[in-house]
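**Q**
Numbering (this note's numbering), first residue to last: 1483 to 1692.
#1: Along the chain, where does the alpha helix (DSSP H) that runs through residue 1567 open and close?
#2: Take every Cβ of the region 1526-1545, pair it with every Cβ of the region 1583-1590, and state whether three or more of those distances are shorter than 8 Å.
#3: Ignore the nearest five residues each way along the sequence and tell me which others in residue 1572's own chain have a CB closer than 8 Å to its CB.
#4: How long is the line joining the alpha carbons of residue 1542 and residue 1550, rounded to whole angstroms?
#5: With a threshold of 16 other CB atoms inside 10 Å of the CB of residue 1577, please say whether the residue is buried or exposed.
#6: Excluding the five sequence neighbours on either side, which residues of its own chain have a C-beta within less than 8 Å of the C-beta of residue 1691, listed in chain order?
#7: Less than 7 Å between C-beta atoms, sequence neighbours within five positions excluded: which residues of the same chain meet that for residue 1484?
#8: Would you list the one or two residues that DSSP bridges to residue 1530?
#9: DSSP three-state label for residue 1457, please.
#10: Using 9 Å as the threshold, is the C-beta distance between residue 1625 and residue 1634 below it?
#11: Between which two residues does the beta strand (DSSP E) holding residue 1499 run?
#12: I'd like the span of the beta strand (DSSP E) that includes residue 1636, first residue to last.
#13: Just to confirm before moving on: does the CB-CB distance between residue 1579 and residue 1486 stay below 9 Å?
#14: What is the rounded straight-line gap between the Cα of residue 1489 and the Cα of residue 1568?
#15: Below 8 Å on the Cβ atoms is my guess for residue 1518 versus residue 1554; work out the distance and round it to an integer in Å.
#16: Could you have a look at residue 1678 and say whether DSSP puts it in helix, strand or coil?
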């Protein structure tokens, strides 16, 4: 994804498609068709083999069946469906590069190519997940999802709190104020130069977010 040119430099993007053939008990037909629609599938044919079994033929992007399609197919048909596919052709698609920025920096390993219609939903899910997985720092950390220079989702990890006035006894308001201002300035400096190390779980999570 990091090598994809800017959107305004791209005439069109094509992605490989496959033709999938699925035979399922008819009782699971509704759930299966919903799954295929969510995976950007295009129905080509539906044929009842008998009263209880249906054969579906769909074309869909190959990247939609790479990760978790088998597990979801098994789940929505309780393991009773059969699945086969063959590559067919490359088709023009409305794809964009979705970046994740942590503390202002794009993390290339978290960038993905995604259907433009799914980008906002995916970006929101990504920043929410990263907020849960990245440990709190001594400074505030912004997590953003962006397409090009446009920010489409944002979450903020609050800084670790530290009571710098704990050793101030009595009513020395001036000293407390000075300590708090000094802490505030220190956090600004750390935020400007600080780097955030991402845990391994953050990189694995991107593979699991639908």
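All C-beta atoms in this analysis are idealised placements derived from N, C-alpha and C, irrespective of residue type, glycine included. This structure is a prediction, so every number in the text was calculated from the model and none was measured.
**A** On the basis of the coordinates in this document:
#1: Here residue 1567 belongs to no alpha helix (DSSP H); instead the beta strand (DSSP E) covers 1564-1575.
#2: Contact fails: fewer than three Cβ-Cβ distances are below 8 Å.
#3: Its chain contains 1496, 1497, 1498, 1499 as the residues whose beta carbon lies nearer than 8 Å to that of residue 1572, once the 5 sequence neighbours on both sides are disregarded; these appear in chain order.
#4: Distance between the alpha carbons of residue 1542 and residue 1550 is about 14 Å.
#5: In the assembly as shown, residue 1577 is a buried residue. Its beta-carbon has 16 or more other beta-carbons within 10 Å.
#6: Around residue 1691: 1604, 1607, 1608, 1611.
#7: Around residue 1484: 1590, 1593.
#8: Its beta-bridge partners are 1536.
#9: Outside the shown range of the chain, which is 1483 to 1692, sits residue 1457, and nothing can be said about it.
#10: For residue 1625 and residue 1634, no; Cβs fall outside 9 Å.
#11: Boundaries of the beta strand (DSSP E) around residue 1499: 1495-1507.
#12: In the DSSP annotation of this structure, the continuous segment of the beta strand (DSSP E) that includes residue 1636 starts and ends at 1632-1639.
#13: Yes; because the gap between Cβ atoms is below 9 Å, this pair is in contact.
#14: Rounded to whole angstroms, residue 1489 to residue 1568 spans 30 Å at the Cα level.
#15: Actually they are not in contact, since the Cβ atoms of residue 1518 and residue 1554 sit about 10 Å apart, beyond 8 Å.
#16: Three-state DSSP puts residue 1678 in coil, outside helix and strand.
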